[in-house]
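Novice: Below you'll find the structure I mean.
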Amino acid sequence: MPIEVQILSPAPLVYSRFTGSVTLDEFAASSQTLHGNPDFYPGMHMILDMRNLDDFDVGFDEMKAFTANIQKRHKERGEAVFIFIVCSNEQSTWLAEMFRSLSDVEDGLASVEILQGFPDILAILDLPRGTIKLFPEDCQAEAHLLSRRSS
């Protein structure tokens, strides 16, 4: 499956890995799967790992409607969340920028940040540096960048 979703328990984080080519239907299916997971609760921050995204079949109007729905859902729940997108190529950066721009236009509680690595997420959320061990192994390559002073 082009989008794999897992909850990084006990941290309040959802990790989604995008690989290959992704469609809007796959975006929607991964969201439904997440919301059906009994370990998921409103307010969990999202991490979208798009480092291995090669291509996407998502039009502007489709992404606009999808983004509006996400912002509406978070606003209805009253839970502010961060959606972090980690990119490493032109395709993933383009999709992330479109998602962030459309999110900024909507009146919602989800903030979208585009980052280069995983330690940045821990710093922004002020999570203990050991939290990086909850991430898949290939996401831990930058663990040495975490300050020794972090708890």
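Take any residue in the sequence shown, note its place counting from 1, add 944, and you have its number in our numbering. Cβ coordinates follow ideal geometry from the N, Cα and C atoms, glycine included. Computed from a prediction, not measured in an experiment: that's the story for all the values here.
(1) Quick one: which unbroken beta strand (DSSP E) runs of 3-plus residues sit fully inside the segment 1011-1094? Chain order, please.
(2) Run through DSSP, which three-state label would Asp999 get?
(3) First and last residue of the beta strand (DSSP E) that includes Leu952?
(4) So Asp969 is in the alpha helix (DSSP H); what residue range does that whole segment cover?
(5) Run through the DSSP bridge pairs and tell me what Asp993 is partnered with.
(6) In chain order, what residues of the same chain lie with their CB nearer than 6 Å to the CB of Pro986, ignoring the 5 residues before and after it?
(7) Compute the distance between the beta-carbons of Val1049 and Phe1000, then report whether it is under 8 Å.
(8) Taking 8 Å as the threshold (C-beta atoms), are Met990 and Val1030 in contact?
(9) Which same chain residues, not among the five before or five after Gly964, have their C-beta less than 7 Å away from its C-beta?
(10) Out of curiosity, what's the CA-to-CA distance linking Pro956 and Met988?
Specialist: So, to answer that:
(1) 1025-1030, 1054-1059
(2) For the purposes of this step, residue 999 is identified with residue 55 of the sequence shown, where counting begins at 1. Collapsing the DSSP output to three states places Asp999 in a strand.
(3) As a position in the sequence shown, residue 952 is number 8, starting the count at 1. No beta strand (DSSP E) contains Leu952, which DSSP labels as neither H nor E.
(4) Here residue 969 corresponds to residue number 25 of the sequence shown, with the count starting at 1. It spans 968-980 - the alpha helix (DSSP H) in which Asp969 sits, taken as one unbroken run.
(5) The residue labelled residue 993 in the question sits at position 49 within the sequence shown. Bridge partners of Asp993: Arg961, Val1030.
(6) Locating residue 986 in the sequence shown gives position 42, where the first residue counts as 1. Arg1021, Glu1023.
(7) Within the sequence shown, the letter at position 105 stands for residue 1049. Within the sequence shown, the letter at position 56 stands for residue 1000. No, the pair does not count as a contact, with Cβ atoms beyond the cut-off.
(8) Taking the first residue of the sequence shown as position 1, residue 1030 is located at position 86. Taking the first residue of the sequence shown as position 1, residue 990 is located at position 46. It is not a contact, given that the beta carbons lie outside the stated cut-off.
(9) On the sequence shown, position 20 is the one that residue 964 refers to. Contacts found: Pro946, Asp998.
(10) Numbered from 1 along the sequence shown, position 12 holds the residue referred to as residue 956. Numbered from 1 along the sequence shown, position 44 holds the residue referred to as residue 988. The alpha-carbon atoms of Pro956 and Met988 are separated by roughly 5 Å.
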